Every structure is written in C-alpha cells, then in structure tokens.
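Chemist: Chains S, D, B and Z, in that order, are what the protein sequence lines are. For the first sequence, the working numbering assigns the number 1 to the initial residue and increments by one for each residue that follows. For the second sequence, the working numbering assigns the number 1001 to the initial residue and increments by one for each residue that follows. For the third sequence, the working numbering assigns the number 2001 to the initial residue and increments by one for each residue that follows. For the fourth sequence, the working numbering assigns the number 3001 to the initial residue and increments by one for each residue that follows. Heads up, the beta-carbon is just placed ideally off N, CA and C, and yes, glycines get one too. These numbers were taken from a predicted model, which means no experiment stands behind them.
There are 4 protein chains.
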Amino acid sequence: MSSHSYRLIISCPDRVGLVAAVSSFLAKEGGLLTEANYYRDPESNWFFMRQVMEANSLPYGPDELKSRFQPLADKFQMQWQLTDTSVPKRVVLMASKQSHCLSDLLYRWRSDEMKFDIPCVISNHNDLESYVSWHNIDYHHTPVDPEKKVEHFNTVEKLIDDSNADVIVLARYMQILPPNLCAKYPGKIINIHHSFLPAFVGAKPYHQASERGVKLIGATCHYVTDELDAGPIIEQDVVRISHHDSIPDLVRKGKDVEKNVLARGLRYHLEDRVLLHGNKTIVFE
Amino acid sequence: MSSHSYRLIISCPDRVGLVAAVSSFLAKEGGLLTEANYYRDPESNWFFMRQVMEANSLPYGPDELKSRFQPLADKFQMQWQLTDTSVPKRVVLMASKQSHCLSDLLYRWRSDEMKFDIPCVISNHNDLESYVSWHNIDYHHTPVDPEKKVEHFNTVEKLIDDSNADVIVLARYMQILPPNLCAKYPGKIINIHHSFLPAFVGAKPYHQASERGVKLIGATCHYVTDELDAGPIIEQDVVRISHHDSIPDLVRKGKDVEKNVLARGLRYHLEDRVLLHGNKTIVFE
Amino acid sequence: MSSHSYRLIISCPDRVGLVAAVSSFLAKEGGLLTEANYYRDPESNWFFMRQVMEANSLPYGPDELKSRFQPLADKFQMQWQLTDTSVPKRVVLMASKQSHCLSDLLYRWRSDEMKFDIPCVISNHNDLESYVSWHNIDYHHTPVDPEKKVEHFNTVEKLIDDSNADVIVLARYMQILPPNLCAKYPGKIINIHHSFLPAFVGAKPYHQASERGVKLIGATCHYVTDELDAGPIIEQDVVRISHHDSIPDLVRKGKDVEKNVLARGLRYHLEDRVLLHGNKTIVFE
Amino acid sequence: MSSHSYRLIISCPDRVGLVAAVSSFLAKEGGLLTEANYYRDPESNWFFMRQVMEANSLPYGPDELKSRFQPLADKFQMQWQLTDTSVPKRVVLMASKQSHCLSDLLYRWRSDEMKFDIPCVISNHNDLESYVSWHNIDYHHTPVDPEKKVEHFNTVEKLIDDSNADVIVLARYMQILPPNLCAKYPGKIINIHHSFLPAFVGAKPYHQASERGVKLIGATCHYVTDELDAGPIIEQDVVRISHHDSIPDLVRKGKDVEKNVLARGLRYHLEDRVLLHGNKTIVFE
C-alpha cells in the first residue's frame, strides 16, 4: 500500500507478444510485481497496462529504469510513463464559496488518507481563507471581474505554473476555464459536476430535476476539455431521492454525492489508475 | 397485505382542516386505517393522500362508501378514487421480440408475487407466443406493416378496449404509440426506457454510452404521454459498469435494471401508490 | 425547511378515530400541517405519528399548545412530545483519535447543513483538540486510566450534565459506556459501529472480513443500550469491496460508510424522525 | 464475447518472472490474449492469473496446448486448468418449492443470456415440474422421507453423476447436503443464502430481521462446504428496507436480491472468473 513502488503505465497498439515483452523485461531487471492490470479495447485494438513493482526489488533508480525501458517502448510505439510513489503529486485546489468538496479533500489530506501535496488553494472568493490557512496551506484570493476575465485567468495560470502543479482540481470552482487553459493541461484538470450530464443542461439543474420528478440525482467527475462538461468521465454515482425532498434537500444530497465522487476520482488519478483513450477512460480500480 | 381493503386516493388544494375532515369522516363510518400517506407540495400548495382501510371494518360496500364520501369530495374540490383490492386490475402486456421484461412480469404474476389479471399479451412478433400460451394467456400477434401503421394501431386499440384494460404495460414494445392512443389512456400506459433519458437520445444508446465511457447505466419507468419518453417518472435505477463491459455486457446489465425498475414501477401503480401532479409523480412507497 | 415549525411526535395504542381526533384538534387550533407521517405496526397494533406545523399558523406559543393537547394525549394514552425547531438540539460529541466522523459532523455543523449546537467535544485523547478549537468549541480532554474507569465516567457524566445535552454522539469514541450511563440517557446516545453486526464480533473485524472474503462491508448507526452494539438501529449502509482491497483499503472504505451513516442517522434524530418501539425504530425519512 | 476462446486459470506461489514465463509461452505459441487478470495475495504471497485467448490464434487444439504448457506448470508448481468456451458447462439445478431462483436461471438459459447446458433439474417436490418440462429439460422428483435421508441423497448423488455435471446449483433447495456430498464436489456446488450470514442464524431470519429493525437485507452466493453456509463467498448484495415493509415484503425483496446474486455468482463461475484460495475467493469480475 504505502511501500515505495514504481508504477509503469502503458498504452499502445496491441500485438502478440506485448505482455510477454514487458513482463520479460521487468523479470530480467528483477522487478517484483505487486499489482498488474491489463485491458485490450476490442474496438480500437489498443492495449493498456498498469504495473506496480517494489522499488527495492530493483538495483537502481527510476531514471535508469526509464532509460533501459525506452528501446522496448519505441519498438511497440508506446505512450508510457513511470511514476515513483515516493514523490507525491502536487495538487492545486480551486474553489469558490461552497466548501463541501474542499473540506472533504482537506480532511483526506490532513488525515493521510490520500497522499498528495497541496502547493496552494486558488479561489475567487475569500470565504474559505481562514479554514484553509488553519491547515498552513497558501490561499490565493483572485476575485473575478467580469470585465477582466482574461487578466484573471492569466493570474490563475501563473499561480498554477509557479506551484509546479501535477493536477488541478476544480472543487466547485464555478467558473468556466478558457480554452487555452484547458488545452495547456490536458488530462490534468479534474472537475466535478452535479446532476446527470447532459440530462439537465442549463441553469438550476436541481430545480429542473425536481420539476421533472426524477428519482435519482448524481455527480460526474471528469477531465476538463474545451467542450464544457463533456470530457472523459472518471467516476460517477447517484443517490436516491423522492418527492419528499425539497430543493434544499436535493442540494444537500447532491453535495454528498459530489464530494464522494470527486474524492474517488482524484484517488484513481493520483494512483495512476486512469488511462485516457480518446474521450473515454480506462479506470483500473 | 393481502387482506380485503379499500384504498382512498385524493389530491386537492391544501386547506387547514383537510386531513381532519377526511379522517373524521372515515372514523365516523368506522373505517380502520391500516396505512396512510400524506404529502403537501410546497410549490403548488396541493395536498395528496392515500388511505387504506380494512373492508370488513365498514358495514357496507364500496359504492355506498363512495356516495357517502362525495359531498366531502365536492366541498374540498378533490380529484379522488376509491379502489377495492378484491378486484384485481386488468393489465394488458405489449411486447416485441425481447423477453426479459415480459418473462419477469409473468413470473411475478404466476407466483402470485404481484396480484393482477392479464387479459392478453399483444405483440408485433410471434417469438414469445409459445411461452405466453403455456401460461394460458391469450396472445395477439399483430405484425406492423410500416405502410399501414394506422390500421395496426386501430387493431391494438380495439384489443385494448375489448380486454377492458385498466393498465397497458409496454414491456419493451419498441413501437412509438400514436398521439391519439397516448391521449386516450392518460396515466394508464406504463413504459420502460433504457439508459438515462434524455442523456443519450437517438439510436444505439448503449453504443453511445460505451463511447462516452459512462460508469453507470440505468432505466426509467414512466407514464406515456405524447411527448416521447418525457412523461411522469415512476421509478428509476442504475447499475455500475466499467470499461471491461462490452456492448453485449451493457445490454445484459441494462436488461436486468430494466426489468427490475419496470416491476417496481408497475407494483407501485397496481397498489395505487402513484399520484400524478402535472408532469411529476408522488410515489407513496 | 428552515421555517419555524412545531413537531408533534406521538406513539400510542391504535384505535379507530385516532388520526381524526388529532387532526381535528390541530385544525381547530388553526395549525397548518406541512408534513405528516403515520404508521401502524400490525404486530403490536401500535400507532405512530409525526406531524409538522407552521409555528406562525397558531396564535400562541408551544407551551399553550402543549397544555391544550394534554387532555387528548391522556385520553388516548399517548407517549408524545412537541419540539420547537427554533430551539436547536444540544449535541455533545465524544471522540477518540480517529477524526473521520468528528470532521464530517463539524463540517455539516459549520456549513449550516445540519442545525444543532455543540456545547462541547469530549475525548480521551488530545489529538483532535487543535482542530476542534479552531471551531471555537470547548474540548474536554479526559484520559482513561484503566484502573480508574469509574472516575473517568463520573467526569464524563458531569460534563454531559453540565452541557445540558439533548443528544450524545459517540463519533468513534472506542470506549464502552458503563450500564448506568446507558440507562441514564435512553434513546439519547447515538453510536456508529463498523462492519455488519453481529456478523464479525470481536477484535479486528476488517481482518476477519478480509479472511472470509466478504464482498460488502457496512456500518450501523444505533441507539446505545446496555447490551453492547445491540440497541435499536437507526440507519445502515454498505459499500462494495473485492479481493483487491487490502486491509487499509477496507478501513478507508469503512470510514466513508461510517461517517455517512452516522450523519444520516443523526439528522433523522435531530429532525425527530426516529420513533422508538421496543428494540426497533420507526424512521419517517 | 461469444467467440471461441480458451481460458487459462492458474494459481501458484509468486516468483519473479512468473508472468513473463506464462506470457512468453503464450506469445511463442501465437496466442492472442483478449482478457487477462492477475492478482497477488500479499498475505500468502500467492499469485492468481486468468488469461483468455482466441482459439483461432493457435494452430492446434486445447489438448496440445495443455501438453505443451505442462512443463511450465510443473516448474512453477501451478494449480491450473484450461477451459474451452465451445464446451458449455453442465449445470444441474436443484430446487424445492420456491421458483424465483429457478425461473430466473431458466430465463437466462433459454434467452441465451448465459451459456450452459442443463442435464436435469432435481427437486424434492413436484411443484415446478410442469414449468421445467415446458423447457424440454428432465425433471427428477425425489421426495425426501425424513427417515430415509441416506437413500435420498444416494439417489441425488447418482443423478448428479449420471448427468456428468460440472456444477450443481442449489437454487433454494432447502435441504442440507450430507458431508460426503459436499466433500465429493469441492468448489462445484453453489448455494444462495438469504439474509446476512451469520447475522441471523437459525429459523425465520426475516422475522428476526424485522424484530431487530434492520434497514438492509441481503443474500450471499457461496460454494458449499461441510460447514453450513460458511463456504467461500462468490457474491453478495443487499436491498434497503424500512419499517413499512411487512414480513411478506421482506420475503419478496429478499427473493429479488437472492435471484440476482445467484445469477451473478453462477455467471462468474461459468466464465471461470472465481479462483479459490483457502476459504476465500478471488473473483475477476
């Protein structure tokens, strides 16, 4: 679980001998596998692997492993990465006024339930500043002037870049990122969205759900692309509702499902369990 | 549960004294309540009641009860009905080639798990004829000629009317009912629809869901109106899926959730637990 | 939702005319019902009611309402109470070292998602003191000396009494309350218990669950009685697990279900939705 | 999905190079992998594999593949089997009076949703004979004389052996198999059990659940061992209940969860997704 490991993540065209080549390479180097996931997409004939090995089983470090693996990766035209679990990912959290997702992630962080670093929190409001500061985390309050959105997002971009972020989590950030930011961090920005997209597009989705008499409401955690709320889905869940639930009840139940879905989605991402394939994801739970 | 009862279903504008008036009336007549549900819609200020009383606690029959209740109903401008559990509802089942919903409902019927009569099954194919006939239920095979849809639905309408149906269940019937039929049986035609409406409108929803990489698929049971698949929702549910699920897997898992949701929705309807209010339902589970 | 209301909670032997008598009384006084739940237990022939009325619809206060209602309550041998939503319940939280339940309840409290007062937190460890204190809530650190359990629980009892508590929540308190404390606050102490009681009694339940290869783990929220973990159940839920889940994974997933179940159970209690009947509960969700 | 495949199922002590050896062997023979699952149990250091390859990708049949693989299996001390998806497993169904599980499995069989052969149904009652016979399946009615249990189970054993069964499903068979039968077919007899084992042992579990006021009831599908209802768990699920549910409601909801859990468990077994490891299972869903 928390032992020092390397994770080798691979996607490439499928060929007979692919698993054999990778596993023979790892065996020859002495790598002790502790977890392995494989998936072949029958539509595209594409192959996906996630292999976790104990760092101590190898006589050298991750850079040497990477350079030894490179020829095999070239041969099979792999998209690949090797991650080192001793290096926590750096997660910038962006929030607005609502605290449910941010509070939940901060709890999981401070209780060591999830391992990651938080270089800073960015918010267009200062409501959550005191709470974040108690955790000794930098809080950047960058208000949004509707006339100066470009300047605002330039500031956001600079904060992200200065923080050397691996992941940006929109924890109910409530602002639409401009296309250039979405394009700059592909597969690195994670959003949580209420309701069933695209079931109730537009404003006040909970009111729409109530008027339609739906029996389930849900949340979707997805990567941000420049098409609004249509990026690859990482995780989803629902909660049952009834006519007894008022709009505030729906909002409250929605918050619970949102924060749980976001926490699961972020965990999968931090553990390198999410592989992108076009507009869909392979999630090795 | 299976004892002889009357169910009094009421919806009307809310007023102080409404519950008192109804319950005082029932108490004066000697009615022993075994189940009671009340709901006030705060938006519309409308009140909904469902009260179940033991038939034996009253010294007369349902017709006398109705005529004694009428003045109260008039005073409070009630929409109301009284149903007698000793008279099973007559349910016409309509199917096509797929058997999962039909088989499930026939099982629940023949094992007495749900109490209703089946005057006939109507289908545009004969695939399920032998199976239905084993149950000693009439099977009407009415093929659809695309050039003669009007004639087809005239036949269907006549079969429904001849069977004196209280409810028509579209158990994966796969044909769109014409507006005149929808309008003729308001709140009496129950449909089951795969996927999340209106999430994936159009053809091949499971393919769309697979391409989008959704993590949940579901089914919606609703009353049919002339707006396609947009009628009042009775019941919904979902099942979790992953990238491992092929299209046939999605179809199979979808069938399971469809038949379970339809059976629950039909049960609520048969037990007079579903009250209509505009385009939403009050379901007294 | 947050409007000023009175809640009238009643349980008594069933009789024809009971609902009529209560609702006629309320109508005569002018009470506008906004929510009403009724249940008749067929085994014991006992009747349960929860009625919510707008405070402004009555021309006097709760004390006058109580004294006017008393004769009716006497006539029908009711156990009853009237609560005033403008008076938040006082909830003493007891915790140990684990923070998941406490953090969750503090979030719901500080975000006004649940309305209650917290006179103090009592803990046998000081791990959570700084976090609680940030909320400006008193934290009483009362270490447990195994040789002096009686003295410890005398201190706890005094703290509870001094805080004028309506509810005591054992938010993973990890100490068994002595029988005299259990007996002193019947129906007022709420506990959360991991796993499926009594499925894996004894120590290390997650290890036992893992060895047995169970596919679901859960949590139970219940009232404390002097029979360990066997009091009336308020709420339960489960989460799916698999062989991939290590013991730490089980513990983590167990924490999520524990805190969600406890929050739901406490909400039901605070909203007077839980009626006790012997060793079971009627929960008007 | 339904293409012709071989499934290679392996469990053995873990060693560096194990996956490499197996996948290199398969690659050398030309086997095209379409599905692969691996799991290493960290407690016992045991390794589990399930690999599915297209039959057409190999130039010879399954017997040749087995004999070529044997040396590798010996070297790594493997417990292993190779199954051929063109040979459906033979499933003997045993039932009593209740039809919910049997009807459900027969539906999935006749609609080709699950691929298996049914050599016969064995029952100690004749209630389901007509229904089974409509499917052209042999029905053996073997009543149980409490004085002659040994003879009864001798008959059952002979029927099982004559039918050349691969799997025996106790679809609510309601009789306890004698230890000699349990021992004769290890990992081949699948049972479905109501409620949460061992939560409510003894008679009338639904009554016990109702008296205790539980909020969830469930079902467990497991392999039969000579310790009653304590064999390795294949699948479990629950359904939510409330005080509104009468005992018949609990029984009905229990039936739904039982049949769904049994169907899922049997599917996993038929697709060789369940690997036994002591008293627990590895289920490659």
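Pop quiz: Ser1057(D) and Ala2020(B) are said to be a contact at Cβ under 8 Å. What is the actual Cβ separation, rounded to whole angstroms?
Modeler: Not confirmed; about 14 Å, so no contact.
Chemist: How far does the beta strand (DSSP E) with Thr1034(D) in it extend, from its first residue to its last?
Modeler: Counting along the chain, the beta strand (DSSP E) containing Thr1034(D) begins and ends at 1033 to 1041.
Chemist: According to DSSP, Arg1240(D) sits in a beta bridge with which residue or residues?
Modeler: DSSP, once it has assigned bridges, lists Leu1216(D) as partnering Arg1240(D).
Chemist: Going by Cα to Cα distance, which pick from Ser2003(B), Glu2211(B), Asp2249(B) is closest to Asp2084(B)?
Modeler: Of the candidates Ser2003(B), Glu2211(B), Asp2249(B), the one whose C-alpha sits nearest the C-alpha of Asp2084(B) is Ser2003(B).
Chemist: Would you report the Cα separation of Ala1219(D) and Val239(S), rounded to the nearest angstrom?
Modeler: Roughly 15 Å separates the two Cα atoms.
Chemist: To which residues of the same chain is Gly1030(D) closer than 8 Å at the C-beta, ignoring the five residues directly before and after it?
Modeler: Around Gly1030(D): Ser1057, Leu1058, Pro1059.
Chemist: Checking contacts by CB at 8 Å: is Asn1260(D) closer than that to chain Z?
Modeler: Closer than 8 Å: yes.
Chemist: Hey, does Lys3204(Z) have any beta-carbon neighbour from chain B nearer than 8 Å?
Modeler: With 8 Å as the cut-off, Lys3204(Z) does not count as an interface residue toward chain B.
Chemist: Go through its chain and collect everything with a Cβ distance to Asp1226(D)'s Cβ below 6 Å, but skip five positions before and after it.
Modeler: Closer than 6 Å at Cβ, skipping near neighbours: Pro1179, Cys1182.
Chemist: At the 8 Å Cβ level, is His2032(B) part of the contact set with chain D, yes or no?
Modeler: One detail in the question is off: residue 2032(B) reads as Leu in this sequence, not His. Yes, Leu2032(B) counts as interfacial toward chain D.
Chemist: Spell out whether any CB of chain B is found under 8 Å from the CB atom of His3243(Z).
Modeler: By this cut-off, His3243(Z) is an interface position.
Chemist: So, helix, strand or coil for Pro3146(Z), using DSSP?
Modeler: Residue state, collapsed to three classes: helix.
Chemist: Any Cβ of chain B within less than 8 Å of the Cβ of Tyr1060(D)?
Modeler: False, the Cβ-Cβ gap to chain B never drops below 8 Å.
Chemist: By the three-class DSSP mapping on this structure, what secondary structure does Asp2112(B) have?
Modeler: Of the three classes helix, strand and coil, the one that applies to Asp2112(B) here is coil, per DSSP.
Chemist: Kindly say whether Arg40(S), judged by its beta-carbon, lies nearer than 8 Å to any beta-carbon of chain Z.
Modeler: Interface residue, yes.
Chemist: Round the Cβ separation of Ile2305(B) and Gly2265(B) to the nearest angstrom and send it over; I've been treating them as touching at under 8 Å.
Modeler: For residue 2305(B) there is no data in the structure shown, the boundaries of chain B being 2001 and 2285.
Chemist: So which residues of chain S does Pro1232(D) contact, with C-beta pairs closer than 8 Å?
Modeler: Ordered by position in chain S, the residues that pass the 8 Å Cβ test against Pro1232(D) are Gly213.
Chemist: Could you give the distance in angstroms between the alpha-carbon of Leu3197(Z) and the alpha-carbon of Pro3232(Z)?
Modeler: Model confidence at Leu3197(Z) stands at a pLDDT of 41, short of 50, so the residue's coordinates are unreliable; what they give is reported in the following sentence. Each residue's Cα considered, the two are about 12 Å apart.
Chemist: Measure the alpha-carbon distance for Asp2074(B) versus Asn2279(B) and round it to whole angstroms.
Modeler: Their backbone Cα atoms lie some 25 Å apart in a straight line.
Chemist: Below 9 Å on C-beta distance, what does Val1257(D) contact in chain B?
Modeler: Result: empty, since nearest Cβ-Cβ is about 16 Å, beyond 9 Å.
Chemist: Report yes or no: is there a C-beta of chain S within less than 8 Å of the C-beta of Ile1282(D)?
Modeler: True, the Cβ-Cβ gap to chain S drops below 8 Å.
Chemist: Mind checking whether Val261(S) and Glu235(S) have CB atoms under 8 Å apart?
Modeler: Cβ atoms of Val261(S) and Glu235(S): closer than 8 Å.
Chemist: Considering only C-alpha positions, which residue in the set Gly61(S), Ile10(S), Tyr39(S), Pro143(S) is nearest to Ser1242(D)?
Modeler: Considering only alpha carbons, the answer is Tyr39(S).
Chemist: With a Cβ-Cβ cutoff of 8 Å, do Val156(S) and Asp117(S) count as a contact?
Modeler: No; because the gap between Cβ atoms is not below 8 Å, this pair is not in contact.
Chemist: Could you give the distance in angstroms between the alpha-carbon of Ile1010(D) and the alpha-carbon of Tyr1223(D)?
Modeler: Going from the Cα of Ile1010(D) to the Cα of Tyr1223(D) covers about 19 Å.
Chemist: Can you look up His3235(Z) in the DSSP assignment and give me helix, strand or coil?
Modeler: Note on identity: in this sequence residue 3235(Z) is Glu, with His being the wrong assignment. Glu3235(Z) falls in the strand class under three-state DSSP.
Chemist: Distance cutoff 8 Å, beta carbons only. Does Tyr1107(D) sit that close to anything in chain Z?
Modeler: Yes, Tyr1107(D) lies at the interface with chain Z (some Cβ there is under 8 Å from its Cβ).
Chemist: According to DSSP, simplified to helix, strand and coil, what is Pro1179(D)?
Modeler: The answer is helix: DSSP assigns Pro1179(D) an H, G or I state.
Chemist: Check the Cβ of Gly17(S) against every Cβ in chain Z and list those closer than 7 Å, keeping chain order.
Modeler: Going along chain Z in sequence order, the residues near Gly17(S) (Cβ under 7 Å) are Ala3027.
Chemist: Any beta carbon from chain Z within less than 8 Å of Leu2266(B)'s own beta carbon?
Modeler: No, its Cβ sits nowhere closer than 8 Å to a Cβ of chain Z.
Chemist: Note down, in chain order, each residue of its chain lying with its Cβ closer than 7 Å to the Cβ of Leu2250(B), except the 5 sequence neighbours on either side.
Modeler: Excluding residues within five positions, the ones whose Cβ falls inside 7 Å are Tyr2206, Ala2209, Ser2210, Ile2217, Ile2241.
Chemist: Give every residue of the same chain whose Cβ lies closer than 6 Å to the Cβ of His2100(B), excluding the five residues on either side of it in the sequence, and list them in chain order.
Modeler: Cβ within range, chain order: Lys2255, Lys2259.
Chemist: With DSSP run on the structure shown, which of helix, strand or coil describes Lys2204(B)?
Modeler: It is coil, neither helix nor strand.
Chemist: Could you round the C-beta distance between Ala2107(B) and Pro2062(B) to whole angstroms and report it? I think they count as a contact, below 8 Å.
Modeler: Reading the sequence as shown, one finds Tyr at residue 2107(B) and not Ala. Not quite, the Cβ-Cβ distance comes to about 31 Å (not below 8 Å), so this is no contact.
Chemist: By Cβ distance below 7 Å, which residues in the same chain neighbour Arg2267(B) in space, the five residues on each side in sequence not counted?
Modeler: Contacts found: Met2114.
Chemist: Please state the DSSP three-state secondary structure of Val121(S).
Modeler: DSSP places Val121(S) in strand when its eight states are reduced to three.
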